[in-house]
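If you want the working numbering, it's the position in the sequence shown, counting the first as 1, plus 433.
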Amino acid sequence: MQSKFNKIYVLCPVGTKTGGTELLHQLVYQLNNIAHKQIAHIVYLGNLNEVKPAPAFKEYIGSDWLTLKDIEDSDDNVIVIPETSLMEFNKFKKAKRYIWWLSVDNFYNTNYFSRIYRQYGVIHTLSGYLKGVFKNRTKYIKQADINMYQSYYAKDFLKNNDVPETKLKYLSDYVNDLYTANVSTALQHNKKDIVLYNPKKGYEFTSKLINASPSLKWIPLINLTNDQVKEKLMSSKVYVDFGTHPGKDRFPREAAISGCCILTDKKGSAKFSRDVPISNEYKFEDEDKNISKIINKINFCLTNYDEAIDQFESYRKYILSEKKNFGLDCEKIFFIGE
């Protein structure tokens, strides 16, 4: 297919391995696959003398990456800017500027200044502060040529900021192939009465659930490789996530495709059925009055696993379709239709 652009630059913080930074690399990989040649490049942000690219992303880009000084700011190129890197927005005057909303909450996070400090260092951060970059972030939303949204939660945010439909494009993501390979095997795997959780998300409320259910076996997913996470997910029956869901999070999907029943709160993207399409009976407000209801639902899943897991069949099919749909959406946004 013919690209709408000569070159596509995708900005990404250097040295950090998260679901968001992996997605930025997956976009570059997907675009180059569609074009059958190199048109897309990762552009690392930050001090590359101190921080090196994450080795895990070599499968997507090999050793090909650029820095800001390598960007050709011309009108036949496009810059993809994640919402956490809007400090760079005004550096480009000719190229098209596409903001990609991988999250909403991180945009308004009170720790924004400190995150920029960690990413860029003190001099760059203070320079941005003095130039009013932090105050101008909301203005950039309307100045962008296109706002791409990873979740319908993000679309709702953009619509509330008066971004017209003509400037909105859906570009979500997909979970790592490690989790989607051999799905039938995951469902047949020997399951134990284990409840998994991510201690980095919503632990204040999750800890209340743990304290209220001493008979249940709770295991945190922390300091594990991808293979170790997969093994935990495949051998457990339940995954709970009472975090903020700033975007369409990967952990619930990785858990579901690995054969776990999923319980979430109703914050962020979890509130939107198109982002987390599971039955409302598995979504709860994270309030103390609901603790007993949540524990009862967990016990139901553990005791009646075969019955409960069937209720997530449509969610698993949805997850399996994401990679193909990601490619189709990339074609719509960045390529000229045949």
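Ideal Cβ placement from N, Cα and C applies to all residues, glycine included.
Can you say whether residue i is buried or exposed, counting buried as having 16 or more other CB atoms within 10 angstroms of its CB?
i, result
"Asn-593", "exposed"
"Met-434", "exposed"
"Ser-536", "buried"
"His-469", "exposed"
"Glu-492", "exposed"
"Leu-519", "buried"
"Thr-571", "exposed"
"Pro-647", "exposed"
"Ile-769", "exposed"
"Leu-642", "buried"
"Gly-452", "buried"
"Lys-575", "exposed"
"Lys-665", "buried"
Leaving out the 5 sequence neighbours to the left and right, which residues in its chain are closer than 6 Å to residue i when beta-carbon positions are compared?
i, result
"Val-443", "Leu-457, Leu-460, Val-461, Ile-475, Val-513"
"Lys-650", "Ile-627"
"Phe-540", "Glu-516"
"Arg-686", "Val-608, Ile-752"
For the candidate residues the options, whose alpha-carbon lies nearest to that of residue i?
i, options, result
"Lys-450", "Ser-648, Asn-659, Phe-540", "Asn-659"
"Thr-736", "Lys-670, Trp-533, Asn-465", "Lys-670"
"Lys-704", "Ala-587, Trp-534, Lys-491", "Ala-587"
"Gln-471", "Asn-439, Glu-455, Gly-453", "Asn-439"
"Cys-445", "Lys-437, Phe-490, Asn-466, Leu-464", "Phe-490"
"Gly-680", "Tyr-573, Asp-497, Phe-590, Phe-522", "Phe-590"
"Asp-719", "Glu-755, Ser-640, Ser-706", "Ser-640"
"Val-616", "Phe-522, Phe-717, Gln-576, Ser-754", "Ser-754"
"Lys-634", "Tyr-672, Gly-760, Asp-721, Tyr-715", "Tyr-672"
"Lys-757", "Val-662, Glu-505, Thr-618, Asp-610", "Asp-610"
"Ser-436", "Gly-495, Ala-473, Glu-521", "Ala-473"
"Tyr-573", "Asp-538, Asn-523, Ala-619", "Asn-523"
"Lys-700", "Asp-721, Tyr-715, His-678", "His-678"
"Phe-638", "Asp-721, Lys-502, Ser-507", "Asp-721"
Do residue i and residue j have their CB atoms nearer than 8 Å?
i, j, result
"Leu-629", "Ile-652", "yes"
"Val-511", "Leu-478", "no"
"Lys-624", "Tyr-748", "no"
"Ile-607", "Ile-690", "Note that residue 607 corresponds to Tyr in the displayed sequence, not to Ile. No, the pair does not count as a contact, with Cβ atoms beyond the cut-off."
"Gln-583", "Leu-604", "yes"
"Cys-693", "Ala-741", "no"
"Ser-712", "Gln-744", "yes"
"Phe-767", "Ile-441", "yes"
"Lys-726", "Phe-733", "no"
"Trp-498", "Pro-486", "yes"
Contact check, residue i vs residue j under 8 Å by CB: the rounded distance?
i, j, result
"Leu-696", "Ile-731", "7 Å"
"Asp-578", "Lys-526", "Actually they are not in contact, since the Cβ atoms of Asp-578 and Lys-526 sit about 13 Å apart, beyond 8 Å."
"His-622", "Met-667", "4 Å"
Please work out which residues of its chain come closer than 8 Å, Cβ to Cβ, to residue i, disregarding the five sequence neighbours upstream and downstream, and give them in chain order.
i, result
"Val-555", "Bear in mind that the predicted position of Val-555 carries a pLDDT of just 43, short of 50, making it unreliable; the figure below should be weighed with that in mind. The answer is none, since no qualifying residue turns up."
"Leu-481", "Val-447, Thr-500"
"Asn-631", "Pro-653, Leu-654, Ile-655, Asp-674, Gly-676, Phe-684"
"Pro-710", "Ser-747, Tyr-748, Tyr-751"
"Cys-763", "Leu-460, Gln-463, Leu-464, Ile-467, Leu-604"
"Val-774", "There is no way to answer for residue 774, as the model of the chain reaches only from 434 to 771."
Can you name, in chain order, every residue of its own chain whose Cβ lies under 7 Å from the Cβ of residue i, other than the five neighbours on each side?
i, result
"Asp-708", "Ser-584, Tyr-585, Tyr-586, Lys-681, Ser-702"
"Val-484", "Val-447, Gly-448"
"Ala-645", "Ile-724, Ile-728"
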